[in-house]
Amino acid sequence: MGETHGSRLRAEGLALSYDDRTVVRDLTVQIPDSGFTVIVGPNACGKSTLLKALARILKPTSGAVYLDHREIHGYSTKEVARRLGLLPQTSIAPGGITVGGLVARGRYPHQRLLRQWSPQDEAAVAAALELTRTRDLADRFVDELSGGQRQRVWLALVLAQETPVLLLDEPTTYLDIAHQIEVLDLCAELHEERGHTLVAVLHDLNQACRYATDLIVMRDGEIVAQGAPQAIVTAELVEATFGLPCRVVADPESGTPMVVPLWRRGGSRPAPAEVVVGSDA
Numbered sequence: 020m021g022e023t024h025g026s027r028l029r030a031e032g033l034a035l036s037y038d039d040r041t042v043v044r045d046l047t048v049q050i051p052d053s054g055f056t057v058i059v060g061p062n063a064c065g066k067s068t069l070l071k072a073l074a075r076i077l078k079p080t081s082g083a084v085y086l087d088h089r090e091i092h093g094y095s096t097k098e099v100a101r102r103l104g105l106l107p108q109t110s111i112a113p114g115g116i117t118v119g120g121l122v123a124r125g126r127y128p129h130q131r132l133l134r135q136w137s138p139q140d141e142a143a144v145a146a147a148l149e150l151t152r153t154r155d156l157a158d159r160f161v162d163e164l165s166g167g168q169r170q171r172v173w174l175a176l177v178l179a180q181e182t183p184v185l186l187l188d189e190p191t192t193y194l195d196i197a198h199q200i201e202v203l204d205l206c207a208e209l210h211e212e213r214g215h216t217l218v219a220v221l222h223d224l225n226q227a228c229r230y231a232t233d234l235i236v237m238r239d240g241e242i243v244a245q246g247a248p249q250a251i252v253t254a255e256l257v258e259a260t261f262g263l264p265c266r267v268v269a270d271p272e273s274g275t276p277m278v279v280p281l282w283r284r285g286g287s288r289p290a291p292a293e294v295v296v297g298s299d300a
C-alpha cells in the first residue's frame with residue numbers, strides 16, 4: 020500500500036458487520052479532497068455504517084480506512100479528533116450544560132497537560148457559534164433548546180474542533196427547510212472557501228444533487244455509482260436504486276439534476292392551478 024498518494028481519506032476492501040450480520044462487503048472508495056461528498060441510498064443500504072467506519076467508530080472485519088495516508092486505527096483517539104470531526108446522527112448532551120460549555124468541548128483534542136484553555140480556543144468557539152448562528156444561545160441550557168437549535172449547536176461543537184475533515188450523519192435532521200438550506204450553504208462555504216473535506220449522509224436526493232461535488236450512491240451495502248451528480252444521476256439510476264419511477268430534469272435555479280417523481284399510477288392529474296397576476300378591482 021502506497022503511503023504518499025491518493026485522497027487523505029479513503030477505504031480499501033472494507034467489510035463491515037454488526038454482530039453476525041454483514042452490512043458492507045469488499046467496499047473501496049476514495050473521498051475527494053476539499054470537496055463535499057454526499058452519500059445517498061435507500062434505508063438500511065449501509066450509508067451510516069460506511070460513515071461510522073470512516074470516522075473510526077466501527078472497526079472493519081476486513082479491509083482498512085486510511086486517514087492522511089495512515090491506517091486510521093493506528094492513531095490515538097486525540098490524534099484522530101485533531102484531524103477528523105464527526106456529527107453523529109444522535110447526540111446526548113450532559114445535563115445542565117450551556118451551549119457555550121458544550122461547544123467548548125470541541126476544543127478537547129487540542130488540550131494538553133501544559134496547554135489548557137487559550138485565546139485560540141476562545142476564538143475557535145466564537146467562530147463556530149457565529150458560523151452556525153447560535154451565538155445568541157451561548158448562555159442557554161442545551162436542554163431548553165428545540166431539536167433544530169440543538170442540531171446547530173452540535174454542528175458548532177464539531178466546527179470548534181477545527182479539523183480539516185468533517186463527517187456529518189444526516190446533518191439536516193430536525194431542521195425546517197430554511198435551516199436545512201442554511202446548514203448546506205455552510206457546508207458549501209466550508210469546502211469552497213476554507214478547503215475542508217466534507218462527507219455527509221443525506222436523505223433528500225435533490226439537496227444532495229444541488230450541493231454535492233461528489234455523489235456516492237449505495238444499495239445493499241455496495242457503491243453502485245460515484246461521481247459528480249451531473250455525470251451519474253439518471254432516471255434509470257434512481258429507479259434501480261430507490262424503486263422510484265421519475266424524470267430527471269435540470270434544477271431551474273442551480274442547473275443540477277432534479278428528481279421529479281412520476282404521477283401516481285392510475286390517479287388523475289390535477290388541473291393546473293390558475294394564477295392570478297393582477298386585478299382591475
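Residues 20 to 300 in my numbering are what the sequence shown lists, from first letter to last. Yeah, the Cβ is synthetic: ideal placement off N, Cα and C, and Gly gets one too.
TODO: Indicate whether residue 278 and residue 228 have their beta-carbon atoms separated by less than 9 Å.
DONE: Within the sequence shown, the letter at position 259 stands for residue 278. Within the sequence shown, the letter at position 209 stands for residue 228. Cβ distance < 9 Å, so residue 278 and residue 228 count as in contact.
- [ ] Closer than 6 Å by C-beta to residue 166: which residues in its own chain qualify, once you throw out the five before and the five after it? Chain order, please.
- [x] The residue labelled residue 166 in the question sits at position 147 within the sequence shown. Counting only Cβ-Cβ distances below 6 Å, and skipping sequence neighbours, we find 193.
- [ ] Please classify residue 271: does DSSP put it in a helix, a strand, or coil?
- [x] Numbered from its first residue, the sequence shown carries residue 271 at position 252. DSSP places residue 271 in coil when its eight states are reduced to three.
Task: Cutoff 6 Å; reference residue 177; Cβ partners in own chain excluding five residues on either side - done: Position 158 of the sequence shown holds residue 177. Cβ within range, chain order: 104 and 106.
TODO: Would you mind listing the beta strand (DSSP E) stretches within the stretch 67-127 that are 3+ residues and don't spill past its ends, in chain order?
DONE: If we require 3 residues or more, the beta strand (DSSP E) runs fully inside the stretch 67-127 come out as 81-86 and 103-106.
TODO: Compare the Cα-Cα distances from residue 269 to each of 255, 260, 249 and 212 and report the closest residue.
DONE: Looking up residue 269 in the sequence shown gives position 250. It is 249 whose Cα lies nearest to the Cα of residue 269.
- [ ] Look at the alpha carbon of residue 261 and the alpha carbon of residue 163, and state the distance between them as a whole number of angstroms.
- [x] For the purposes of this step, residue 261 is taken as the residue at position 242 of the sequence shown. For the purposes of this step, residue 163 is taken as the residue at position 144 of the sequence shown. Each residue's Cα considered, the two are about 38 Å apart.
TODO: Could you tell me the boundaries of the alpha helix (DSSP H) in which residue 276 lies?
DONE: The count along the sequence shown starts at 1 and reaches residue 276 at position 257. First-last for residue 276: 276-280, but that is the beta strand (DSSP E), not the alpha helix (DSSP H).
Task: residue 90 burial status per 10 Å Cβ neighbour count (16 or more: buried) - done: For the purposes of this step, residue 90 is taken as residue 71 along the sequence shown, with counting starting at 1. Classified as exposed, residue 90 has fewer than 16 neighbouring CB atoms from the shown chains inside 10 Å of its CB.
Open item on the list: Considering only the alpha carbon of each residue, which of 281, 33 and 186 lies closest to residue 266?
Closed with: Taking the sequence shown and counting its residues from 1, the one referred to as residue 266 is at position 247. Nearest C-alpha to residue 266: 281.
Open item on the list: Determine whether the beta carbon atoms of residue 30 and residue 72 lie at a separation below 9 Å.
Closed with: For the purposes of this step, residue 30 is taken as the residue at position 11 of the sequence shown. For the purposes of this step, residue 72 is taken as the residue at position 53 of the sequence shown. The answer is yes: Cβ separation under 9 Å.
Task: Enclosing beta strand (DSSP E) for residue 246 [first to last residue] - done: Residue numbering aside, residue 246 sits at position 227 when the sequence shown is read from its first letter. It spans 241-246 - the beta strand (DSSP E) in which residue 246 sits, taken as one unbroken run.
Task: Check whether residue 251 and residue 46 have beta carbons under 9 Å apart - done: By 1-based counting over the sequence shown, the position of residue 251 is 232. By 1-based counting over the sequence shown, the position of residue 46 is 27. Taking a C-beta distance under 9 Å as the contact criterion, residue 251 and residue 46 do not qualify as a contact pair.
Task: alpha helix (DSSP H) segment containing residue 220, residue limits - done: Taking the sequence shown and counting its residues from 1, the one referred to as residue 220 is at position 201. That residue, residue 220, is in no alpha helix (DSSP H); its beta strand (DSSP E) goes 216-220.
Task: Whether residue 235 touches residue 76 by CB criterion (9 Å) - done: Indexing the sequence shown from 1 puts residue 235 at position 216. Indexing the sequence shown from 1 puts residue 76 at position 57. No, these two residues do not count as a Cβ contact at 9 Å.
Open item on the list: Check this for me: beta carbons of residue 56 and residue 191, under 9 Å apart or not?
Closed with: Within the sequence shown, numbered from 1, the residue matching residue 56 stands at position 37. Within the sequence shown, numbered from 1, the residue matching residue 191 stands at position 172. Cβ atoms of residue 56 and residue 191: not closer than 9 Å.
Task: Cut-off 8 Å between Cβ atoms - residues of its own chain near residue 263, not counting five sequence neighbours on either side - done: Against the sequence shown, residue 263 aligns to sequence position 244. The beta carbon of residue 263 sits closer than 8 Å to the beta carbons of 257, 278 and 280 from its chain, once the five residues preceding and following it are set aside; these are given in chain order.
Open item on the list: My parser needs the beta strand (DSSP E) runs of 3 or more residues fully inside the stretch 154-230; what are they?
Closed with: Counting only runs of at least 3 residues, the stretch 154-230 fully encloses the following beta strand (DSSP E) elements, listed from N- to C-terminal order: 184-188 and 216-220.
- [ ] With DSSP as the reference, please indicate the residues paired to residue 57 in a beta bridge.
- [x] By one-based count along the sequence shown, residue 57 stands at place 38. Note: residue 57 sits in a beta bridge opposite 219 and 234.
Task: Three-state secondary structure assigned by DSSP to residue 21 - done: As a first step, residue 21 must be located in the sequence shown, where it is residue number 2. Any reading at residue 21 must be qualified, since the residue scores a pLDDT of 38, below 50, and its modelled position is unreliable; the value itself is stated next. Coil.
Task: CA-to-CA distance, residue 212 to residue 184, given in whole angstroms - done: Your numbering for residue 184 matches position 165 in the sequence shown. Your numbering for residue 212 matches position 193 in the sequence shown. Approximately 14 Å between the Cα atoms of the pair.
Task: residue 117 beta carbon less than 9 Å from that of residue 159 - done: Residue 159 sits at position 140 when you count from the first residue of the sequence shown. Residue 117 sits at position 98 when you count from the first residue of the sequence shown. Taking 9 Å as the Cβ cut-off, residue 159 and residue 117 qualify as a contacting pair.
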